[in-house]
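Numbering (full-length UniProt numbering), first residue to last: 1 to 58.
Beta carbons are placed, not taken as given, at the ideal position from N, Cα and C, and that holds for glycine.
Structure record follows, encoded as structure tokens.
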């Protein structure tokens with residue numbers, strides 16, 4: 001999926017940075033609630049141990 005990224009052209013929608021590591025025993029909501037391009041700037045679509053949510057990139 002290619003999306004318009006401001007005035008700088010096109011991007012594949014992936015955000016910079018990496019997803020935070022999950023603490024042992026983390027249990028998240030089992031639904032894929034995002035894609036990188038749908039998360040606010042500074043966040044990525046990351047695993048919550050079961051599904052995916054927007055989380056602050058590291």
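Please work out which residues of its chain come closer than 7 Å, Cβ to Cβ, to residue i, disregarding the five sequence neighbours upstream and downstream, and give them in chain order.
i, result
"residue 49", "22, 26, 27, 28"
Could you tell me the boundaries of the beta strand (DSSP E) in which residue i lies?
i, result
"residue 53", "52–56"
"residue 45", "43–47"
Please state if the CB of residue j and the CB of residue i are separated by a distance shorter than 8 Å.
i, j, result
"residue 19", "residue 32", "no"
Mind checking residue i: buried by the 16 CB within 10 Å criterion, or exposed?
i, result
"residue 45", "buried"
"residue 15", "buried"
Who are the Cβ neighbours of residue i in its own chain at under 8 Å, not counting the five residues just before and after it?
i, result
"residue 30", "50, 51"
"residue 34", "45, 52, 53, 54"
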